[in-house]
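Q: In the numbering used here, the protein residues as written are 2 to 345.
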Amino acid sequence: MDALRAAASLNLRDTLTIALEHTDERAAVVIADDRTELSRLLTRAYAECLPKARFVILDDTDLASVEATKAALVDLRELDLVVLIQSSAFRIPEVRLRVELFRRGIKVVEHAHLARIAAAEIEHYVAALAYDPAYYRGVGNALKARMDVARSVRIESQGETLYVDSALEPAKLNVGQFDGLKNVGGLFPIGEVFTEAADLESVHGRVKLFAFTDTSFGLNVPPEPITVEIERGRVVGTRNSTTELDRVLAMIRDDEGDVRVRELGFGMNRAFSRDRRVGDVGAYERVCGIHLSLGARHGVYKKPEINHRAVHFHVDSFVVTDRVLLDDEVVYSDGAWCLPSALP
Numbered sequence: 002m003d004a005l006r007a008a009a010s011l012n013l014r015d016t017l018t019i020a021l022e023h024t025d026e027r028a029a030v031v032i033a034d035d036r037t038e039l040s041r042l043l044t045r046a047y048a049e050c051l052p053k054a055r056f057v058i059l060d061d062t063d064l065a066s067v068e069a070t071k072a073a074l075v076d077l078r079e080l081d082l083v084v085l086i087q088s089s090a091f092r093i094p095e096v097r098l099r100v101e102l103f104r105r106g107i108k109v110v111e112h113a114h115l116a117r118i119a120a121a122e123i124e125h126y127v128a129a130l131a132y133d134p135a136y137y138r139g140v141g142n143a144l145k146a147r148m149d150v151a152r153s154v155r156i157e158s159q160g161e162t163l164y165v166d167s168a169l170e171p172a173k174l175n176v177g178q179f180d181g182l183k184n185v186g187g188l189f190p191i192g193e194v195f196t197e198a199a200d201l202e203s204v205h206g207r208v209k210l211f212a213f214t215d216t217s218f219g220l221n222v223p224p225e226p227i228t229v230e231i232e233r234g235r236v237v238g239t240r241n242s243t244t245e246l247d248r249v250l251a252m253i254r255d256d257e258g259d260v261r262v263r264e265l266g267f268g269m270n271r272a273f274s275r276d277r278r279v280g281d282v283g284a285y286e287r288v289c290g291i292h293l294s295l296g297a298r299h300g301v302y303k304k305p306e307i308n309h310r311a312v313h314f315h316v317d318s319f320v321v322t323d324r325v326l327l328d329d330e331v332v333y334s335d336g337a338w339c340l341p342s343a344l345p
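(1) What are the partner residues of Ser167, as DSSP defines its beta bridges?
(2) Is it the case that the Cβ atoms of Val75 and Val57 are separated by a distance below 9 Å?
(3) Taking the alpha carbon of Asp317 as the reference point, which residue from Ser217, Ala311, Asp256, Ile307 has its own alpha carbon closest?
(4) Distance, Cα to Cα, Leu115 vs Arg240?
(5) Expressed to the nearest angstrom, what Euclidean distance is found between the alpha-carbon atoms of Val331 and Ala337?
(6) Taking Thr37 as part of the beta strand (DSSP E), name the residues at either end of that continuous run.
(7) What residue range is occupied by the uninterrupted alpha helix (DSSP H) comprising Asn241?
(8) Report, in whole angstroms, the separation of the C-beta atoms of Leu220 and Tyr285, which I expect to be a contact under 8 Å.
(9) Would you kindly report the start and end of the unbroken beta strand (DSSP E) that includes Ala212?
(10) Report the residue ranges of all beta strand (DSSP E) runs contained in full by the region 85–125; include only those spanning at least 3 residues, in chain order.
(11) Using the three-state DSSP reduction, which class does Pro345 fall into: helix, strand or coil?
(12) If contact is defined by three or more beta carbon pairs under 8 Å, each pair taking one atom from either stretch, is the region 259–271 in contact with the region 193–213?
(13) Helix, strand or coil: which one does DSSP assign to Gly186?
(14) Any idea if Arg278 is buried or exposed, counting beta-carbon neighbours within 10 angstroms, 16 or more meaning buried?
(15) Report the rounded CA-to-CA distance for Gly238 versus Val229, giving the unit in angstroms.
Right, dumping it as structure tokens:
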């Protein structure tokens, strides 16, 4: 654990100084619980990185802790920093914490749902916190530039192929580069460029999933990859499915009528892989490769044919990714992004 804490401190220091551009001239508050091994490790690591920060250890059942949290935040100014370390989710009455902090122009680093990460997975989570600006910004911006002009996508997946026969929505970066953005920070670990088909019905073919979000909101890894068949942007069949995936698909169909395929996520975090996983999907969706969302809900891209108030499901699902092509250019192969214009 000492070695992990040292690695976490090194990785977090790079994130704070390079990505968030935080300095000791700005105030910092760390709000944490101590209910899990990982939350305690991160709290100690931040104590090393932010020796002048104010620390509030929050007990969800302790009203005094809630009041201490409110008091710690009240005097913060624009461009100050708040770190949230949560084993589950903080319950502070009448406050949507991250939304309120962003509204005030405060930088936020959030580590959420740490209780879903097993002890054996802590080293993967800590490794995923490493921040390499040349890689993330170089590859991330090169990917976005290529995605924004692409007219088609092809995803090759263990003998199956998924096609997107349309342009893509303007890609969004999650690479620790906040220039020109309203909000600075977000959910960590980072490392993703995401989009979706401009024409959702242009998505068709088959793809193999090696993991998906189950009904307990955890990462479910079936014994063998599951083939999913997609027509006109909807899941129409599966092969080698499991009871849990069938349950997820049935829940979506019962609520939304069919199972839409929406987000097309290009994960970039090289600390995660098919074998190096963590149980929290919000962290693991940065895994290097492709992930898709099942269900019609997407908070970023609005489609006129979808009533966003009437849909509820966004189920992250992880693709066995062999190659990815934008138009006819291979941009992912052999487990890595390989754009000619990007850094290795």
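C-beta atoms are modelled at their ideal positions from N, C-alpha and C, and glycine is treated no differently.
A: Once the coordinates are examined:
(1) Reading the sequence shown from its first residue, position 166 is the one you call residue 167. Per DSSP, Ser167 has no beta bridge partner at all.
(2) Against the sequence shown, residue 75 aligns to sequence position 74. Against the sequence shown, residue 57 aligns to sequence position 56. Not in contact: Val75 and Val57 (Cβ atoms no closer than 9 Å).
(3) On the sequence shown, residue 317 is found 316 positions in, with the first residue counted as 1. Here the closest residue by C-alpha is Ser217.
(4) Within the sequence shown, numbered from 1, the residue matching residue 115 stands at position 114. Within the sequence shown, numbered from 1, the residue matching residue 240 stands at position 239. When rounded, the distance between both Cα atoms is 33 Å.
(5) Position 330 of the sequence shown, counted from the first residue, corresponds to residue 331. Position 336 of the sequence shown, counted from the first residue, corresponds to residue 337. When rounded, the distance between both Cα atoms is 11 Å.
(6) Residue numbering aside, residue 37 sits at position 36 when the sequence shown is read from its first letter. That residue, Thr37, is in no beta strand (DSSP E); it is neither H nor E in DSSP.
(7) Residue numbering aside, residue 241 sits at position 240 when the sequence shown is read from its first letter. Note, Asn241: premise wrong, no alpha helix (DSSP H); not H, not E.
(8) Taking the first residue of the sequence shown as 1, we reach residue 220 at position 219. Taking the first residue of the sequence shown as 1, we reach residue 285 at position 284. Right, the Cβ-Cβ distance comes to about 6 Å (below 8 Å), so this counts as a contact.
(9) Counting from 1 along the sequence shown, the entry for residue 212 is found at position 211. 204–214 is the span of the beta strand (DSSP E), which, as asked, contains Ala212.
(10) 108–112
(11) Your numbering for residue 345 matches position 344 in the sequence shown. Its pLDDT being 43, under 50, Pro345 is placed unreliably by the model, and nothing is read from it.
(12) yes
(13) Looking up residue 186 in the sequence shown gives position 185. Three-state DSSP puts Gly186 in a strand.
(14) As a first step, residue 278 must be located in the sequence shown, where it is residue number 277. The residue is buried, with at least 16 neighbouring Cβ atoms inside 10 Å.
(15) Translated into positions along the sequence shown, residue 238 becomes position 237. Translated into positions along the sequence shown, residue 229 becomes position 228. Taking the straight line joining both Cα atoms gives about 6 Å.
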